[in-house]
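Engineer:
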Amino acid sequence: MLYSYRTLVLTLVTLVSLFLLLRPLRLNDLSRLKHGKVLNNGSPEILNSTLGFQQVFVINLPARTDRRDAMTLAAALCEMRVTYIDGVSGDNILNKVLPADSFDKHISKGNKGSWRAHMNALKAVIQQNMTSALILEDDADWDVRIKPQLQQFAQAALVFTQPIKGSAKSTLADSSTANPANLPLDSLPPDLKPKLTPYGDNWDVLWLGHCGTDFPNAVKSPTIKAASAEGNPTSQSHHPPLLRVIIPNDDTVPSPAHLKPHPFALPDPLATAYPPHTRVVHASSGTICTQAYAVSQQGARKLLWQFGLQTFTTGWDLMLRDWCDGGYVGEGSGMGRERPVCVTVQPPLFSHHFGNGAASDIAAAGGGFVSKEKEMTPYVRLSVRLNMGRIVEGVEGDGLVDQWSDGGDSILR
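Under UniProt numbering, the first residue of the sequence shown is numbered 1, with each subsequent residue one higher.
Pasting the structure below:
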């Protein structure tokens, strides 16, 4: 009898242990089984609830409970954990707290509120000494396969963010002078091993969600004021790395006809520059809109110094564009001598969700696209927002709606 009792106890302990061991694996595997194939050689850290970053922040006006509800559900359905940064009304921003160069600029209340909210997000990264954080706007959308997508992006980004062996800062992208130079993802050297984040050890901004960007081009590179050794401004051309990392045959990329920021826009240059279903990772150039961007600790500090204390002249995304393009190199007591390390991707991995005519709290929807009857998200095929109801009901795989199918039609038609 004692033997049977001990056997029963041991069996129960074993079963409980197996349950506790396998339960988190089941949760983590949800996105693998339902929402795309995880890369065997991709970073497992990116499969966690913060996508390989230390935190995921979402900027949201507390009054927009509709957006907070939608974002909370979207994140949960993709096994993500988000933390909210309260949006700020421009009416609550005192002129005396703005950087001095804003005094003669006509800056809208919406832009003032947006600026302050993004500064608060950067401040949180610094105060909590985070190695990295992803910052989302509350109308951002993404593909249900976002984790394997980010695994591929991280591999490609290392070309720009990970110093090569024996060098403190020089990267593989720095050594490429061809224009353009295309490097397939499967041709990356195997010795790019980051230590701080799965996205690399030396970067400032990863611009993952936008409404347009350019391929870097040495001919179009800005001439920037840079401080000379004597402290006098000199004319200096700072062009970004010209290398492009190519991810071919990516079935999460829409067909060329759908590569545009809204239905009435012309197709992006990407549509004709590469074969269908190609994603390209490259240095940021002329990038606009901040649906999603990640910052490192060093990037957050640089940005808060530049835009929290030194300058505020226009919308946040336009200032970030100019900063990543090297527009502030050499400003301020010898600071900023080096061009920031900003990496982006085409098409973007996060995009603005146009939902049933709901207007932006900052500006009108890009290109004037607002539909009171139909929702859409540019560039995103299996949109988590458009498939929320289906996923909640347990639908997966072929049961999810592909809004930009290869057949040429979209759910808007």
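Heads up, the beta-carbon is just placed ideally off N, CA and C, and yes, glycines get one too. Nothing here was measured: the structure is a model prediction, and the numbers come from that model.
Within the same chain, show all residues whose beta-carbon is closer than 8 Å to that of Ala229, passing over the 5 residues directly before and after it, in chain order.
Structural biologist: Bear in mind that a pLDDT of 34 at Ala229, under 50, signals an unreliable position, so the model cannot answer this.
Engineer: Can the beta-carbon of Ile85 be found less than 9 Å from the beta-carbon of Ala117?
Structural biologist: yes
Engineer: Check whether the segment 306-326 touches the segment 244-263, counting contact only when three or more Cβ pairs, one atom from each stretch, lie closer than 8 Å.
Structural biologist: no
Engineer: What three-state label does DSSP hand Ile164 in the structure shown?
Structural biologist: coil
Engineer: Rounded to whole angstroms, what's the CA-CA distance from Asn182 to Asn129? Just pull it up for me.
Structural biologist: 36 Å
Engineer: Below 8 Å CB to CB, which residues in the same chain sit around residue 417 once its five sequence neighbours on both sides are set aside?
Structural biologist: Because the chain spans 1 through 413 in this model, residue 417 falls outside it and cannot be assessed.
Engineer: Would Ala157 and Val295 qualify as a contact pair, given that the criterion is a beta-carbon distance under 9 Å?
Structural biologist: Their beta carbons are not under 9 Å apart, which means Ala157 does not touch Val295 by this criterion.
Engineer: Quick check: the Cα distance between His353 and Gln152, rounded to an integer number of angstroms?
Structural biologist: 23 Å
Engineer: Beta-carbon within less than 6 Å of Gly355's beta-carbon, same chain only, minus the 5 sequence neighbours each way: which residues are those?
Structural biologist: Glu375
Engineer: Which residues bound the beta strand (DSSP E) around Gln346?
Structural biologist: Cys342 to Gln346
Engineer: Helix or strand or just coil, what does DSSP make of Pro241?
Structural biologist: Looking at Pro241 - three-state DSSP - the assignment turns out to be coil, as it is neither helix nor strand.
Engineer: Using the rule of at least 16 other Cβ atoms within 10 Å of the residue's Cβ for burial, across every protein chain shown, is Ser175 buried or exposed?
Structural biologist: exposed
Engineer: Can you list, in chain order, the residues of its chain with a C-beta nearer than 7 Å to that of Asp406? Leave out the 5 residues immediately preceding and following it.
Structural biologist: Here the set comprises Ser255.
Engineer: If we call anything under 9 Å between Cβ atoms a contact, is Asp322 one with Cys289?
Structural biologist: no
Engineer: Out of Pro180, Ser89, Ala75 and Pro276, point me to the one whose CA is closest to Trp404's CA.
Structural biologist: Pro276
Engineer: Taking C-alpha atoms, which residue in Gln291, Pro248 and Tyr379 lies nearest to Pro263?
Structural biologist: Tyr379
Engineer: Assuming Leu318 is part of the alpha helix (DSSP H), what are its boundary residues?
Structural biologist: Trp316 to Cys324
Engineer: Does the Cβ of Glu338 have 16 or more other Cβ atoms within 10 Å, making it buried, or fewer, making it exposed?
Structural biologist: exposed
Engineer: So, is Gly394 buried or exposed, given that buried needs 16 or more other C-beta atoms within 10 angstroms?
Structural biologist: exposed
Engineer: How big is the Cα-Cα spacing for Ile247 and Tyr274?
Structural biologist: 10 Å
Engineer: Could you have a look at Ile59 and say whether DSSP puts it in helix, strand or coil?
Structural biologist: strand
Engineer: Quick one: give me the first and last residue of the alpha helix (DSSP H) that Thr131 is part of.
Structural biologist: Run containing Thr131: none; DSSP gives neither H nor E here.
Engineer: What whole-angstrom Cβ distance do Leu208 and Ala292 have, given they're in contact under 8 Å?
Structural biologist: Correct: roughly 4 Å between the Cβ atoms.
Engineer: So, for Ala121: in the same chain, excluding its five sequence neighbours on each side, which residues have a beta-carbon less than 8 Å away from its beta-carbon?
Structural biologist: Phe57, Ile59, Ile85, Ala133 and Ile135
Engineer: Can you give me the Cβ contacts of Ala70 inside the same chain, cut-off strictly under 7 Å, excluding the 5 residues immediately before and after it?
Structural biologist: Arg385
Engineer: Sort Gly90, Asp186, Ile126 and Asn217 by Cα distance to Asn41 and report the nearest one.
Structural biologist: Asp186
Engineer: Check this for me: beta carbons of Val88 and Ser114, under 9 Å apart or not?
Structural biologist: One thing to note: Val88 has its Cβ within 9 Å of the Cβ of Ser114.
Engineer: Looking at the structure shown, is Val205 part of a helix, part of a strand, or coil, going by DSSP?
Structural biologist: strand
Engineer: For residue 488, name the three-state secondary structure that DSSP assigns.
Structural biologist: Outside the shown range of the chain, which is 1 to 413, sits residue 488, and nothing can be said about it.
Engineer: Whole angstroms are fine: how far does the CA of Leu73 sit from the CA of Met80?
Structural biologist: 10 Å
Engineer: Please classify Gly212: does DSSP put it in a helix, a strand, or coil?
Structural biologist: strand
Engineer: Return the first residue and the last residue of the beta strand (DSSP E) that Thr65 is part of.
Structural biologist: Looking at the DSSP string, Thr65 is not in any beta strand (DSSP E); the run it does join, the alpha helix (DSSP H), is Thr65 to Leu77.
Engineer: Using a threshold of 9 Å, state whether the C-beta atoms of Ser284 and Val329 are closer than that.
Structural biologist: no
Engineer: Report yes or no: is there a C-beta of chain B within less than 9 Å of the C-beta of Pro267?
Structural biologist: Included in the structure is just one protein chain, with no chain B present.
Engineer: Please report the distance separating the alpha-carbon of Ile146 from that of Ala154.
Structural biologist: 12 Å
Engineer: May I have the straight-line CA-CA distance separating Pro240 from Asp325, to the nearest angstrom?
Structural biologist: About 8 Å.
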